[in-house]
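Under this note's numbering, residues 499 to 770 are what the sequence shown spells out, in order. The C-beta atom is built at its ideal place from N, Cα and C for all residues, glycine as well.
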Amino acid sequence: MKSIRHEFIKMLFQKRTYIGWAGLFVVPWLVSLAFRLSSGGPHAEGTDPADTIMQLIRGNGIYVGLASLFALATFFLPLLASMSGSYAVAGEAENGTLRTTLMQPIHRGTMLLSKWVVANVYVAIGLLILAVAGLVAGGAFFGLHPMRLLTGQTVGIAHGIGLIAACYLFVLLAMAAVVSLAFFFSTLTNSSLTAVAGGLILVIIMEALQAFSQFDFLQPYLFTHYFSAWTNLPRSPVVWDPVAKALVNFVVWTVGMTGLGYLRFRRKDILS
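Following this line, the structure appears as structure tokens:
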């Protein structure tokens with residue numbers, strides 16, 4: 499716990515921490531403002547969850563948080579997660595503080611675990627800011643009303659907020675896989691920018707592969723394939739099969755990449 503607290507305090511003293519959080523706070527307000535200023539009338543409902551949620555925002559601000567997830571889940575959130583994970587080792591090596599840190603009486607595995615935990619806490623706080631800002635902005639622009647599920651049923655506001663929280667928790671687990679991927683790259687280099695680029699480029703490649711039917715056989719193994727599986731939660735009944743497959747995939751990638759990062763770091767020569 500002491501090492502986790504130490505890493506968390508270091509995170510709080512970094513300017514980039516607040517830049518990412520500020521960006522997440524602003525997005526729901528921009529989404530709400532865009533829909534408030536738009537003059538479009540009612541549309542026929544489609545089957546795509548994103549279209550359905552976008553069509554419902556004008557009548558109920560509770561959907562702003564979900565719309566923000568759609569807007570950010572494919573690039574900005576993975577970018578934020580990559581930045582968080584990449585700084586864990588490479589950032590300190592880049593600044594010349596990693597060697598000093600390792601001179602303290604702490605096991606490398608313990609230090610690495612603390613950095614991984616704090617990297618994910620950073621993303622978790624960011625998602626919490628996004629969720630709260632979504633409810634506040636949505637309530638301010640459109641009001642909060644009972645939530646209509648993607649299957650047509652209506653639930654109370656409290657139930658709806660609980661479902662939104664479940665969606666955000668799902669996305670947090672998805673981003674843990676991205677953090678762990680960048681975390682692994684962070685142990686391979688002394689440049690945090692290289693680690694960010696490595697993690698983010700691999701995420702982009704995974705997303706690009708989904709556009710080609712020739713690579714359909716790879717999709718069950720790519721965590722990006724499940725980024726939007728949270729849309730199965732605000733339904734009645736909940737469609738658990740894709741959610742369960744997604745969670746298993748996220749856990750495998752998270753454990754695998756973190757484990758590889760540990761194996762690499764325990765043998766790494768620290769020169770800076």
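Length of the line joining the Cα atoms of residue i and residue j
{"i": "D739", "j": "A675", "result": "20 Å"}
{"i": "M645", "j": "R764", "result": "50 Å"}
{"i": "T652", "j": "M609", "result": "47 Å"}
{"i": "S770", "j": "T722", "result": "Any reading at S770 must be qualified, since the residue scores a pLDDT of 49, below 50, and its modelled position is unreliable; the value itself is stated next. Each residue's Cα considered, the two are about 34 Å apart."}
{"i": "K500", "j": "S612", "result": "9 Å"}
{"i": "A542", "j": "G650", "result": "For A542, the pLDDT reaches just 46, beneath the cut-off of 50, and the residue's location in the model is therefore unreliable, although a value from the coordinates is still provided. Computed Cα separation, rounded: 14 Å."}
{"i": "S714", "j": "R503", "result": "One detail in the question is off: residue 714 reads as Asp in this sequence, not Ser. Between D714 and R503, the C-alpha separation is close to 43 Å."}
{"i": "L761", "j": "S580", "result": "20 Å"}
{"i": "V669", "j": "F568", "result": "11 Å"}
{"i": "G654", "j": "H643", "result": "8 Å"}
{"i": "L522", "j": "P547", "result": "22 Å"}
{"i": "F710", "j": "G607", "result": "40 Å"}
{"i": "T752", "j": "Q712", "result": "26 Å"}
{"i": "L758", "j": "G697", "result": "14 Å"}
{"i": "E590", "j": "I699", "result": "22 Å"}
{"i": "A744", "j": "G637", "result": "31 Å"}
{"i": "H605", "j": "S689", "result": "23 Å"}
{"i": "Y719", "j": "L570", "result": "22 Å"}
{"i": "F748", "j": "Y516", "result": "27 Å"}
Supposed close pair residue i, residue j - CB separation, criterion 8 Å
{"i": "S566", "j": "V525", "result": "5 Å"}
{"i": "F506", "j": "V616", "result": "5 Å"}
{"i": "G557", "j": "F640", "result": "7 Å"}
{"i": "Y620", "j": "M755", "result": "So it is not a contact: roughly 17 Å between Cβ atoms."}
{"i": "I551", "j": "F533", "result": "Incorrect: roughly 11 Å between the Cβ atoms, too far for contact."}
{"i": "W519", "j": "I627", "result": "5 Å"}
Range covered by the alpha helix (DSSP H) that runs through residue i
{"i": "F533", "result": "K513 to L535"}
{"i": "Q717", "result": "Counting along the chain, Q717 falls outside any alpha helix (DSSP H), and DSSP gives it neither H nor E."}
{"i": "G660", "result": "I655 to S684"}
{"i": "S726", "result": "Where S726 is concerned, there is no enclosing alpha helix (DSSP H), given that its DSSP letter is neither H nor E."}
{"i": "R764", "result": "W738 to R764"}
{"i": "Q553", "result": "P547 to L554"}
{"i": "S501", "result": "K500 to L510"}
{"i": "V562", "result": "V562 to L570"}
{"i": "L848", "result": "Nothing can be reported for residue 848: it is not among the residues displayed for the chain, which extend from 499 to 770."}
{"i": "A635", "result": "R606 to F640"}
{"i": "G583", "result": "F574 to S584"}
Given residue i as reference, the closest of the options once Cα atoms are compared
{"i": "I702", "options": "S501, L575, V529 and C665", "result": "L575"}
{"i": "A727", "options": "K513, W614, K500 and Y666", "result": "Y666"}
{"i": "N730", "options": "V694, A664, G654 and A532", "result": "A664"}
{"i": "A622", "options": "H643, L578 and L716", "result": "L578"}
{"i": "A656", "options": "L745, A591, A672 and L633", "result": "L633"}
{"i": "R514", "options": "G624, A591, H605 and R606", "result": "G624"}
{"i": "T572", "options": "Q708, S536, I659 and G589", "result": "Q708"}
Given 8 Å, three or more beta-carbon pairs between the segment 574-591 and the segment 727-734: no
The segment 676-688 in contact with the segment 555-563 per 3-pair CB rule at 8 Å: no
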